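Participant: Line order of the protein sequences matches chains A and B. Read in our numbering, the first sequence has 120 at position 120, and its numbers run on one by one without any break. Here our numbering = 1-based position in the second sequence + 304.
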Amino acid sequence: MEMKDMKVTLSGVTLQNPVIPASGCFGFGYGMAEFYDINILGSISFKGTTREARFGNPLPRVAECPSGMINSVGLQNPGIDEVIAVELPKMRKSFRQPIIANISGFSIDEYVECCEKIDREEQVAIIELNVSCPNVHGGGMAFGTCASSVSDVVKEVKKVITKPLYVKLSPNVTDIVAIGSAAVEAGADGLCLINTLLGMRIDIRNRRPVVANRMGGFSGPAVFPVAVRMVNQVAHSCGVPVIGCGGVSSAEDVIEMMMAGATAVQVGAANLVNPYACKEIVESLPEVMRRLGIDSLSEIIGIV
Amino acid sequence: MGIRNIYKIVSNRELTRKTWVMILRGDTQAITTPGQFVNVAIPGKYLRRPISICDYSHERGEITLLYDVVGEGTLAMSRMKEGDEVDLLSGLGNGFSTTSVGTRPLLLGGGIGCAPLLNLGRALVRSGKSPIAILGYNTAADSFGMDRWFEEIGVEAFIATVDGSLGTKGFVTDVIRRFGIEGDYFHACGPMPMLRALCNGLDIPGEVSIESRMGCGFGACVCCSVETKDGVKRICKDGPVFRKEELIWK
Ligand SMILES: Cc1cc2nc3c(=O)[nH]c(=O)nc-3n(C[C@H](O)[C@H](O)[C@H](O)COP(=O)(O)OP(=O)(O)OC[C@H]3O[C@@H](n4cnc5c(N)ncnc54)[C@H](O)[C@@H]3O)c2cc1C
Ligand SMILES: Cc1cc2nc3c(=O)[nH]c(=O)nc-3n(C[C@H](O)[C@H](O)[C@H](O)COP(=O)(O)O)c2cc1C
Ligand code: FES
């Protein structure tokens with residue numbers, strides 16, 4: 001078979017292929033290295049990291065859904081200092097590709113402090129700002145659901161970092177383009193979407209929510225059409241590279257997401273039901289490209 | 305080789321009105337110790353369902369699962385037929401300790417929680433120990449015959465039922481008291497209230513296998529975290545077996 005060109009470039013960062021495990025579904029990579037050589041991946045977006053260590057929400061934290069799942073992990077992570085001191089060195093041992101650092105926060109100060117620290121880590125190539133947490137100083141509304149909050153946090157973070165900044169958008173908004181545009185105007189180098197959709201399941205026998213936190217983030221194949229639509233809208237309106245995410249489970253989904261406008265693609269829940277999901281996607285991409293008459297992935301970005 | 309393999313159902317039959325036994329044939333190499341579990345892919349369901357390995361044999365390439373039909377996923381399992389293929393992640397979790405424990409370990413099971421103790425009993429006997437099994441059920445109709453399987457592998461087994469319809473009336477602890485059973489270690493699996501009672505009530509060292517709903521079963525999603533005295537642990541990867549002293553009972 002002739003060589004297929006799978007390389008893509010995000011704000012000057014070249015990835016050997018567009019396949020990236022999404023934040024929260026691959027830990028810090030080294031655990032998954034027990035299953036396969038994770039160096040075949042384009043990049044990894046590591047678990048959402050906050051300033052302080054967080055246990056997250058009470059159990060149960062997961063619910064079955066038709067073609068998907070709800071999680072209410074609640075950003076469990078060991079905190080930025082521990083991530084830098086313990087997790088990143090372990091990650092580097094099994095992963096030599098560029099890393100995407102997923103950073104969360106409940107205040108602008110927290111985002112700024114975490115981003116400033118992670119920006120100094122050599123292997124971190126892109127900082128991905130998860131703006132779906134509630135803004136404790138802004139009335140508790142999620143940063144990502146309010147254009148002016150997104151704009152404020154992006155402006156402040158941009159002042160302290162040197163690496164490209166991608167804002168990870170929440171789909172729980174009326175107008176995703178308005179939020180994306182606000183992020184770009186404030187200086188975001190790219191956008192990543194979508195995060196999970198807010199969802200809920202009820203245990204009808206016990207008459208209570210399935211997850212202890214009542215609500216959680218819905219993701220998996222069921223959300224793929226929503227993600228493709230939002231990626232398409234944002235890619236054609238916001239003028240920056242987009243990382244497409246949401247329900248991707250196969251090489252065909254990667255192609256569809258890229259045709260919609262994504263330069264690279266993240267895979268979340270699929271890793272949890274099949275630990276080899278990303279490996280299988282990377283390995284089947286050349287054959288799917290051949291079947292579809294695609295020589296280079298970068299040529300299909302946003303063609304629809 | 306990986307932990308994910310396709311298995312063929314050798315048999316799948318009903319033992320009681322809610323408990324089923326499924327025997328699967330396939331690659332068992334990922335299983336290293338009793339008390340580990342498999343994560344079963346169920347057609348039509350997105351998430352896998354974790355089920356303890358009740359018994360396994362590398363020689364025959366077989367895994368035995370005991371499961372209660374409690375919801376849609378396990379109902380779907382009960383409808384699978386001999387010859388059907390099942391996608392499993394196997395050899396998950398840390399499993400029970402079989403080496404450093406005393407010479408007369410107690411195997412304490414509650415309901416379907418008895419499942420992983422059978423293989424443990426086999427391993428303990430093989431390493432020259434004299435385990436005693438005590439199995440607790442709600443009522444006689446729930447007992448799926450595990451006492452006989454224990455006897456077959458040379459482990460003495462007692463039964464307790466809450467309503468007294470079989471064996472000793474009460475809980476596994478009532479059996480210990482009634483027969484003056486003296487163990488020097490305990491391995492337990494069952495409902496959380498039972499495990500809490502054992503950790504708080506038995507003054508011998510021991511370990512328990514605990515459960516939670518799981519996202520992945522192999523450590524990637526932290527959907528199954530518990531706070532222990534040694535920090536935050538994932539039940540699926542750092543557990544499901546924890547030493548009595550590690551756990552915090554609220
Ligand atoms: C490590 C581990 C080992 C297990 N071993 C066995 C076993 O050997 N045999 C067996 O019958 N069951 C076992 N379970 C429990 C089993 O996983 C659940 O009963 C099963 O997932 C229920 O699926 P369902 O779709 O039928 O029910 P659902 O409709 O999902 O739920 C029905 C009921 O089961 C409970 N439940 C659902 N998922 C879990 C879960 N992961 N753990 C505990 N309770 C759950 C729910 O709270 C609810 O009350 C084990 C669980 C774990 C975590
Ligand atoms: C268990 C779990 C944990 C997640 N944790 C994070 C997180 O820490 N930070 C983040 O930005 N997104 C997190 N996400 C969202 C995913 O990265 C992804 O955006 C979303 O799940 C949609 O993709 P999917 O449909 O492929 O899962 C999490 C998702 C899941 C399922
Ligand atoms: S269930 Fe995913 S980490 Fe335990």
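Glycine is no exception: its CB is placed at the ideal position from the N, C-alpha and C atoms. Values in this document were obtained by computation on a predicted structure and should not be read as measured data.
Does the Cβ of Lys385 (chain B) lie closer than 8 Å to at least one heavy atom of ligand 1?
Facilitator: As a position in the second sequence, residue 385 (chain B) is number 81, starting the count at 1. No, ligand 1 has no heavy atom inside 8 Å of this Cβ.
Participant: Alpha carbon to alpha carbon, what distance is there between Leu41 (chain A) and Gly330 (chain B)?
Facilitator: Taking the first residue of the second sequence as 1, we reach residue 330 (chain B) at position 26. Taking the first residue of the first sequence as 1, we reach residue 41 (chain A) at position 41. So the two alpha carbons sit approximately 29 Å from each other.
Participant: Using the DSSP secondary-structure output, state which residues sit across from Pro98 (chain A) in a beta bridge.
Facilitator: Position 98 of the first sequence, counted from the first residue, corresponds to residue 98 (chain A). According to DSSP, Pro98 (chain A) bridges with nothing at all.
Participant: Strictly under 9 Å for the Cβ-Cβ distance: is Glu64 (chain A) near chain B by that measure?
Facilitator: Along the first sequence, read from residue 1 onward, the residue named residue 64 (chain A) stands at position 64. Yes, Glu64 (chain A) lies at the interface with chain B (some Cβ there is under 9 Å from its Cβ).
Participant: Going along chain A in order, which residues have a C-beta closer than 7 Å to the C-beta of Ser516 (chain B)?
Facilitator: Position 212 of the second sequence, counted from the start, is the residue given in the question as residue 516 (chain B). In chain order: Leu59, Pro60.
Participant: What first and last residue would you give for the alpha helix (DSSP H) that runs through Phe26 (chain A)?
Facilitator: For the purposes of this step, residue 26 (chain A) is taken as residue 26 along the first sequence, with counting starting at 1. Unbroken run through Phe26 (chain A): none, as it is neither H nor E.
Participant: Just to make sure I have the definition right: I need the residues of chain B whose C-beta is within less than 8 Å of the C-beta of Phe26 (chain A). Which are they?
Facilitator: What you label residue 26 (chain A) is simply residue 26 of the first sequence in a count that begins at 1. Going along chain B in sequence order, the residues near Phe26 (chain A) (Cβ under 8 Å) are Ala524.
Participant: How about Met518 (chain B): is its Cβ closer than 8 Å to a heavy atom in ligand 3?
Facilitator: The residue given as residue 518 (chain B) occupies position 214 in the second sequence. At least one heavy atom of ligand 3 is nearer than 8 Å to the Cβ of Met518 (chain B), so yes.
Participant: Would you please state the rounded distance, in angstroms, between the beta carbons of Met230 (chain A) and Leu193 (chain A)? I believe it to be under 8 Å.
Facilitator: Position 230 of the first sequence, counted from the start, is the residue given in the question as residue 230 (chain A). Position 193 of the first sequence, counted from the start, is the residue given in the question as residue 193 (chain A). Yes, Met230 (chain A) and Leu193 (chain A) are in contact; Cβ-Cβ is about 6 Å, under 8 Å.
Participant: Less than 6 Å between C-beta atoms, sequence neighbours within five positions excluded: which residues of the same chain meet that for Lys349 (chain B)?
Facilitator: By 1-based counting over the second sequence, the position of residue 349 (chain B) is 45. Cβ within range, chain order: Gly377.
Participant: With a CB to CB cut of under 6 Å and the five nearest residues on each side skipped, what residues in its chain are close to Val374 (chain B)?
Facilitator: Here the question's residue 374 (chain B) lines up with position 70 in the second sequence. So the list is empty, once near-sequence residues are dropped.
Participant: Could you tell me whether the stretch 376-396 of chain B touches the stretch 410-422 of chain B, where touching means 3 or more Cβ pairs closer than 8 Å?
Facilitator: Segments in contact, no.
Participant: With 9 Å as the threshold, decide whether the Cβ of Cys493 (chain B) is near any Cβ in chain A.
Facilitator: The residue labelled residue 493 (chain B) in the question sits at position 189 within the second sequence. Chain A contact via Cβ: absent.
Participant: Does the CB of Arg308 (chain B) have a neighbour CB from chain A at under 9 Å?
Facilitator: For the purposes of this step, residue 308 (chain B) is taken as the residue at position 4 of the second sequence. Yes, contact with chain A.
Participant: Using a Cβ cut-off of 9 Å, which residues of the stretch 272-284 of chain A contact any Cβ in chain B, in chain order?
Facilitator: Those would be Leu272, Val273, Asn274, Pro275, Tyr276, in chain order.
Participant: Taking only beta-carbon atoms, is Ala269 (chain A) less than 9 Å away from chain B?
Facilitator: Here residue 269 (chain A) corresponds to residue number 269 of the first sequence, with the count starting at 1. At least one chain B Cβ lies under 9 Å of Ala269 (chain A).
Participant: To which residues of the same chain is Thr403 (chain B) closer than 8 Å at the C-beta, ignoring the five residues directly before and after it?
Facilitator: Mapped onto the second sequence, residue 403 (chain B) falls at position 99. If we look at Thr403 (chain B) and ignore the five residues flanking it on each side, its Cβ neighbours are Ser431.
Participant: What is the residue span of the alpha helix (DSSP H) that Asp345 (chain B) lies within?
Facilitator: Taking the second sequence and counting its residues from 1, one reaches residue 345 (chain B) at position 41. For the sequence presented, residue 345 (chain B) should be read as Ala rather than Asp. Careful: Ala345 (chain B) lies outside any alpha helix (DSSP H) and carries neither H nor E.
Participant: Closer than 6 Å by C-beta to Gly216 (chain A): which residues in its own chain qualify, once you throw out the five before and the five after it? Chain order, please.
Facilitator: In the first sequence, the residue the question calls residue 216 (chain A) occupies position 216. Contacts found: Ile70, Asn71, Ser72.
Participant: Buried or exposed: which applies to Leu297 (chain A), given that a residue is buried once 16 or more other Cβ atoms fall within 10 Å of its Cβ?
Facilitator: Here residue 297 (chain A) refers to the residue found at position 297 of the first sequence. Looking at its Cβ environment, which holds 16 or more other Cβ atoms inside 10 Å, Leu297 (chain A) is buried.
Participant: For a test of your reading of the model: does the CB of Met258 (chain A) fall under 8 Å from any non-hydrogen atom of ligand 2? Yes or no.
Facilitator: Residue 258 (chain A) sits at position 258 when you count from the first residue of the first sequence. False, no ligand heavy atom lies under 8 Å from that Cβ.
Participant: How long is the line joining the alpha carbons of Trp324 (chain B) and Gly220 (chain A), rounded to whole angstroms?
Facilitator: One-based indexing of the second sequence puts residue 324 (chain B) at position 20. One-based indexing of the first sequence puts residue 220 (chain A) at position 220. Cα to Cα, the separation comes out at about 30 Å.
Participant: Ala461 (chain B): buried (16+ other C-beta within 10 angstroms of its C-beta) or exposed?
Facilitator: Your numbering for residue 461 (chain B) matches position 157 in the second sequence. With 16 or more other Cβ atoms within 10 Å, it is buried.
Participant: Taking the Cβ atom as the reference point for each residue, do Cys114 (chain A) and Ile103 (chain A) lie within a distance shorter than 9 Å?
Facilitator: By one-based count along the first sequence, residue 114 (chain A) stands at place 114. By one-based count along the first sequence, residue 103 (chain A) stands at place 103. Result yes, Cβ atoms of Cys114 (chain A) and Ile103 (chain A) sit closer than 9 Å.
Participant: Decide if Val160 (chain A) is buried, meaning its Cβ has at least 16 other Cβ atoms within 10 Å, or exposed.
Facilitator: Residue 160 (chain A) sits at position 160 when you count from the first residue of the first sequence. Val160 (chain A) comes out exposed.
Participant: Can you list, in chain order, the residues of its chain whose CB lies under 6 Å from that of Tyr111 (chain A), leaving out five sequence neighbours each side?
Facilitator: As a first step, residue 111 (chain A) must be located in the first sequence, where it is residue number 111. Hits under 6 Å: Gly105, Val153, Val157.
Participant: Within 9 Å of any Cβ in chain A, is that where the Cβ of Leu352 (chain B) sits?
Facilitator: Here residue 352 (chain B) corresponds to residue number 48 of the second sequence, with the count starting at 1. It is Arg, not Leu, that sits at residue 352 (chain B) in the sequence shown. Closer than 9 Å to some Cβ of chain A, the Cβ of Arg352 (chain B) qualifies, so yes.
Participant: Can we count Ala313 (chain A) as close to ligand 2, meaning its CB is less than 8 Å from some heavy atom?
Facilitator: No answer is possible for residue 313 (chain A): it lies beyond the span of chain A, which begins at 1 and ends at 304.
Participant: What does Phe55 (chain A) touch in chain B if you count any residue whose Cβ is under 9 Å from its own?
Facilitator: Position 55 of the first sequence holds residue 55 (chain A). In chain order: Ser529, Glu531, Val536.
Participant: Please report the straight-line C-alpha distance between Leu165 (chain A) and Ile539 (chain B), rounded to a whole angstrom.
Facilitator: Numbered from 1 along the first sequence, position 165 holds the residue referred to as residue 165 (chain A). Numbered from 1 along the second sequence, position 235 holds the residue referred to as residue 539 (chain B). Each residue's alpha carbon lies about 35 Å from the other.
Participant: Per DSSP, which residues does Tyr441 (chain B) bridge with? Please list them.
Facilitator: As a position in the second sequence, residue 441 (chain B) is number 137, starting the count at 1. BP columns for Tyr441 (chain B) point to B:Thr465.
Participant: Is any heavy atom of ligand 2 found at a distance shorter than 8 Å from the C-beta of Val245 (chain A)?
Facilitator: Counting from 1 along the first sequence, the entry for residue 245 (chain A) is found at position 245. Note that residue 245 (chain A) is Cys in the sequence shown here, rather than Val. It does: the Cβ of Cys245 (chain A) is within 8 Å (strictly closer) of some heavy atom of ligand 2.
Participant: Asn206 (chain A) CB to nearest chain B CB: under 9 Å?
Facilitator: Here residue 206 (chain A) corresponds to residue number 206 of the first sequence, with the count starting at 1. Taking Cβ atoms only, chain B never reaches closer than 9 Å to Asn206 (chain A), which makes this a no.
Participant: DSSP on Ala427 (chain B), reduced to helix/strand/coil?
Facilitator: Taking the first residue of the second sequence as 1, we reach residue 427 (chain B) at position 123. Three-state result, Ala427 (chain B): helix.
Participant: Taking the C-alpha atoms as reference points, what is the distance between Phe546 (chain B) and Asp189 (chain A)?
Facilitator: Reading the second sequence from its first residue, position 242 is the one you call residue 546 (chain B). Reading the first sequence from its first residue, position 189 is the one you call residue 189 (chain A). Taking the straight line joining both Cα atoms gives about 46 Å.
Participant: Does the CB of Ser170 (chain A) have a neighbour CB from chain B at under 9 Å?
Facilitator: The residue labelled residue 170 (chain A) in the question sits at position 170 within the first sequence. Chain B contact via Cβ: absent.
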